[in-house]
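Student:
In the numbering used here, the protein residues as written are -12 to 183.
1. Between the Cα of residue 36 and those of 124, 133, 164, spot the shortest distance and give me the residue it belongs to.
2. If we count the other Cβ atoms within 10 Å of its Cβ and call it buried at 16 or more, is residue 138 buried or exposed?
3. Return the first residue and the last residue of the alpha helix (DSSP H) that residue 66 is part of.
4. Please look up how many angstroms separate the CB atoms of residue 100 and residue 144, rounded, as I've assumed it's under 8 Å.
5. Whose C-beta lies closer than 7 Å to the C-beta of residue 74 among residues of the same chain, with five residues either side of it excluded?
6. Could you give the distance in angstroms between the alpha-carbon of residue 61 and the alpha-carbon of residue 8?
7. Following the continuous beta strand (DSSP E) through residue 155, name the residue where it begins and the one where it ends.
8. In the structure shown, what three-state DSSP assignment does residue 37 receive?
9. Would you say the segment 28 to 47 touches the segment 85 to 98, given that touching needs at least three Cβ pairs under 8 Å?
10. So residue 238 is in the beta strand (DSSP E); what residue range does that whole segment cover?
11. Put residue 126 into one of helix, strand or coil per three-state DSSP.
12. CB residue 82 to CB residue 90, shorter than 8 Å?
13. Report the three-state DSSP secondary structure of residue 239 (helix, strand or coil).
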């Protein structure tokens, strides 16, 4: 797979143009294969109570509950210039600043997190009507240095900044966006939580 340097889309290795955005791939092969250090904003989110509510549910029902949630959150992430790195059950990891960087990636990540919180009412309405359940979302965002590049067939970021974002999400209050602006190689990290 070739990763588009403009939009992050995955393309067959022999593709000359990105299937998502049309950018020429043949002229920029290095962007798809090299690892590089980047400063990115990593967003993690998770539904409160989803695992407990799914324990006795049929796997097809669980998938039916997750599909609109995944689609709606992906929409907000991509609308703000981020890339969904992975879905793991009800957890979502997104990256702002890789493979495509913007000068305001941290702000884009926070705006996406706030819009994701706002979208929960829309997501919960059919869940309550069809399944009798509603959920709250916890969002954690960290900005810092990572190593970005290909792993297997995909593009990913690794480093402590990713781990911090996951810990912020785990510590976040339901309905909030907890944000940390990383300072490389320093012990103190300012943390701010915004309740939507």
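No residue lacks a Cβ here, since even glycine has one placed at the ideal position from N, Cα and C.
Tutor: To lay it out plainly:
1. The residue you call residue 36 lines up with position 49 of the chain shown. When each option's Cα is compared against that of residue 36, the closest is 124.
2. Translated into positions along the chain shown, residue 138 becomes position 151. Counting Cβ neighbours within 10 Å, residue 138 comes out exposed, since fewer than 16 surround it.
3. Residue mapping note: residue 66 aligns to position 79 of the chain shown, counting from 1. Its alpha helix (DSSP H) spans residues 46 to 66.
4. Here the question's residue 100 lines up with position 113 in the chain shown. Here the question's residue 144 lines up with position 157 in the chain shown. About 17 Å; that fails the 8 Å criterion.
5. Mapped onto the chain shown, residue 74 falls at position 87. For residue 74, where only same-chain residues beyond five positions count, the Cβ hits under 7 Å are 57.
6. The residue given as residue 61 occupies position 74 in the chain shown. The residue given as residue 8 occupies position 21 in the chain shown. Going by the C-alpha atoms only, they are around 17 Å apart.
7. Residue mapping note: residue 155 aligns to position 168 of the chain shown, counting from 1. Annotation: residue 155 is outside any beta strand (DSSP E); the continuous alpha helix (DSSP H) that includes it extends over 147 to 158.
8. Counting from 1 along the chain shown, the entry for residue 37 is found at position 50. Per DSSP, reduced to three states, the secondary structure at residue 37 is helical.
9. Flag = yes, the segment 28 to 47 and the segment 85 to 98 touch.
10. Outside the modelled stretch of the chain, which goes from -12 to 183, sits residue 238, for which no answer is possible.
11. The residue given as residue 126 occupies position 139 in the chain shown. The answer is strand: DSSP assigns residue 126 an E or B state.
12. Your numbering for residue 82 matches position 95 in the chain shown. Your numbering for residue 90 matches position 103 in the chain shown. In this structure, residue 90 does not lie closer than 8 Å to residue 82 by Cβ.
13. Residue 239 falls outside the range modelled here, since the chain spans only -12 to 183, and no answer is possible.
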